[in-house]
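Asks: In our numbering, the protein residues as written are 138 to 485. Ideal Cβ placement from N, Cα and C applies to all residues, glycine included.
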């Protein structure tokens, strides 16, 4: 039996004191984009058929933040307890703008865009000198103190390099640019997530593998792509996070087809490399001789153990319709695949 039973949804608009309105019982559609880059994740919400008074409150200055909890309530046991409940916060952020509109003669809506850590991302600056003998951890501490007025706290952080710098340093500019530098020195990526700075090393994961199959929410077959990893769709699961792990049945991954150009110039097969199945074979060189090499259009590596890293998540939901899923861009651990420019810009 599926563990995903009865949708759970809460959308809250909050003021500076954390008080606000909950739109749980309204028709709401939403899309949330979350990629492995320093640019903050963004979300679009449409709330339908509100009173004019509520619309005026939203379009005014009363509310500044937005918070979303989604997932499933699970089944109810005979003693009234929820079993297999699986819901949690999937997004919180600063309200950037609101627009009112109409889908048809009877249905009106208000559209809200929210961005995680938006105020800190665009407004936080630093102007400070640090004395000789500092380390990367000292820079990070200064940056976190600089972000405190925006309500940003420290989340997941990597081990800082022990290097001690013999000269002082003047810091002047956007705080986010200095966070980029700290992340680079730690071989990590960073992002504002739910009001925290999350900096995850490239070789670490934020959670262990979550098994995905038809019983736990997997929708259809995972798709191998050329240049965009392995694409997976599942029901909304707040436990699956960016830079976390999921586990699939590797035999269920639908293989992509090689281009006609590749099939004309060589013979290819799947071979094991770094614990992954990669496509390689014999291709003709410029002299017409067969040499070992990958196809021009290289398919994404398939993990032999079925474990993949989540590098991008797109949530789609409609509280009165069918959409209630998350699309994930994943890669096998240790993969050295060629990726498209678009996928690279999204953190693959």
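Please classify residue 260: does DSSP put it in a helix, a strand, or coil?
Replies: Looking up residue 260 in the chain shown gives position 123. Residue 260: helix per DSSP, three-state reduction.
Asks: Please work out which residues of its chain come closer than 8 angstroms, Cβ to Cβ, to residue 143, disregarding the five sequence neighbours upstream and downstream, and give them in chain order.
Replies: Translated into positions along the chain shown, residue 143 becomes position 6. Contacts found: 209, 210, 211, 212.
Asks: Closer than 6 angstroms by C-beta to residue 359: which residues in its own chain qualify, once you throw out the five before and the five after it? Chain order, please.
Replies: The residue you call residue 359 lines up with position 222 of the chain shown. Correct list, in chain order: 367, 369, 385, 390.
Asks: Kindly indicate which three-state DSSP category residue 478 falls into: helix, strand or coil?
Replies: As a working note, residue 478 is residue 341 in the chain shown. Three-state result, residue 478: helix.
Asks: To the nearest angstrom, report how far apart residue 494 and residue 258 are at their CA atoms.
Replies: Outside the displayed range of the chain (138 to 485) lies residue 494, so it cannot be described from this structure.
Asks: Taking residue 376 and residue 463 to be in contact with their CB atoms under 8 angstroms, please state how far apart those CB atoms are, rounded to whole angstroms.
Replies: Counting from one through the chain shown, the residue named residue 376 turns up at place 239. Counting from one through the chain shown, the residue named residue 463 turns up at place 326. Going by Cβ atoms, the distance from residue 376 to residue 463 rounds to 11 angstroms, so no, they are not a contact pair.
Asks: Alpha carbon to alpha carbon, how far is residue 448 from residue 201? Give it in angstroms, no decimals.
Replies: Position 64 of the chain shown, counted from the start, is the residue given in the question as residue 201. Position 311 of the chain shown, counted from the start, is the residue given in the question as residue 448. Distance between the alpha carbons of residue 201 and residue 448 is about 29 angstroms.
Asks: Shortest alpha-carbon distance to residue 193 belongs to which of 168, 161, 237?
Replies: Here residue 193 is taken as the residue at index 56 of the chain shown, counted from 1. The shortest Cα separation from residue 193 among 168, 161, 237 belongs to 237.
Asks: Ends of the beta strand (DSSP E) at residue 278?
Replies: By 1-based counting over the chain shown, the position of residue 278 is 141. Here residue 278 belongs to no beta strand (DSSP E); instead the alpha helix (DSSP H) covers 273-284.
Asks: Between which two residues does the alpha helix (DSSP H) containing residue 488 stretch?
Replies: For the chain, the structure presents residues 138 to 485; residue 488 sits outside this window and is missing.
Asks: How should residue 242 be labelled, buried or exposed, when 16 other C-beta atoms within 10 angstroms of its C-beta is the threshold for buried?
Replies: Here residue 242 is taken as the residue at index 105 of the chain shown, counted from 1. Exposed is the call here.
Asks: Following the continuous alpha helix (DSSP H) through residue 196, name the residue where it begins and the one where it ends.
Replies: The residue labelled residue 196 in the question sits at position 59 within the chain shown. Note, residue 196: alpha helix (DSSP H), 189-196.
Asks: Taking the alpha carbon of residue 442 as the point to measure from, which residue in 467, 316, 481, 387 has its own alpha carbon closest?
Replies: As a first step, residue 442 is located in the chain shown; it is residue number 305 there, counting from the start. Answer by Cα proximity: 387.
Asks: Under three-state DSSP, which class holds residue 387?
Replies: Here residue 387 refers to the residue found at position 250 when the chain shown is read from its first residue. Residue 387 falls in the helix class under three-state DSSP.
Asks: Tell me whether the beta-carbon of residue 487 lies closer than 7 angstroms to the beta-carbon of residue 157.
Replies: Since the first and last residues shown for the chain are 138 and 485, residue 487 lies out of range.
Asks: Going by C-alpha to C-alpha distance, which of 154, 467, 393 sits closest to residue 483?
Replies: By one-based count along the chain shown, residue 483 stands at place 346. When only C-alpha atoms are compared, the closest one is 467.
Asks: Once DSSP output is grouped into helix, strand and coil, what is the label at residue 344?
Replies: Position 207 of the chain shown, counted from the start, is the residue given in the question as residue 344. Residue state, collapsed to three classes: coil.
Asks: Are the CB atoms of residue 393 and residue 363 nearer to each other than 7 angstroms?
Replies: Numbered from its first residue, the chain shown carries residue 393 at position 256. Numbered from its first residue, the chain shown carries residue 363 at position 226. Yes. Within cutoff.
Asks: Under 8 angstroms, with one C-beta from each stretch per pair, do the region 262-275 and the region 340-355 reach the 3-pair mark?
Replies: Taking 8 angstroms as the limit for Cβ pairs, the verdict is that the region 340-355 does not touch the region 262-275.
Asks: Do you know how far the Cα of residue 284 is from the Cα of residue 299?
Replies: The residue given as residue 299 occupies position 162 in the chain shown. The residue given as residue 284 occupies position 147 in the chain shown. Those two C-alpha atoms are separated by around 24 angstroms.
Asks: Thinking C-alpha only, which one of 176, 163, 278 is nearest residue 188?
Replies: Along the chain shown, one-based indexing puts residue 188 at 51. Among 176, 163, 278, the Cα nearest to that of residue 188 belongs to 163.
Asks: Decide if residue 460 is buried, meaning its Cβ has at least 16 other Cβ atoms within 10 Å, or exposed.
Replies: Translated into positions along the chain shown, residue 460 becomes position 323. It counts as exposed.
Asks: Between residue 272 and the rest of its own chain, which residues show a CB-CB distance below 8 angstroms, the 5 nearest in sequence each way excluded?
Replies: Within the chain shown, the letter at position 135 stands for residue 272. Taken in chain order, the residues that qualify are 297, 298, 299, 300, 301, 302.
Asks: What would DSSP say about residue 160, mapped onto helix, strand or coil?
Replies: Locating residue 160 in the chain shown gives position 23, where the first residue counts as 1. Residue 160: coil per DSSP, three-state reduction.
Asks: Take the Cβ of residue 181 as the centre, count every other Cβ of all protein chains shown within 10 Å, and call the residue buried at 16 or more, exposed below.
Replies: Counted from its first residue, the chain shown places residue 181 at position 44. Residue 181 should be labelled exposed.
Asks: What would DSSP say about residue 287, mapped onto helix, strand or coil?
Replies: In the chain shown, the residue the question calls residue 287 occupies position 150. Residue 287 falls in the helix class under three-state DSSP.
Asks: Classify residue 469 as buried or exposed, calling it buried when 16 or more other Cβ atoms lie within 10 Å of its own Cβ.
Replies: Counting from one through the chain shown, the residue named residue 469 turns up at place 332. Buried.
Asks: Of all the options 286, 254, 270, which has the alpha carbon lying nearest to the alpha carbon of residue 335?
Replies: Taking the first residue of the chain shown as 1, we reach residue 335 at position 198. Selected option, being the one with the closest Cα: 254.
Asks: Between the C-alpha atoms of residue 123 and residue 328, what's the straight-line distance to the nearest angstrom?
Replies: Shown here, the chain extends from 138 to 485; a query on residue 123 therefore has no answer.
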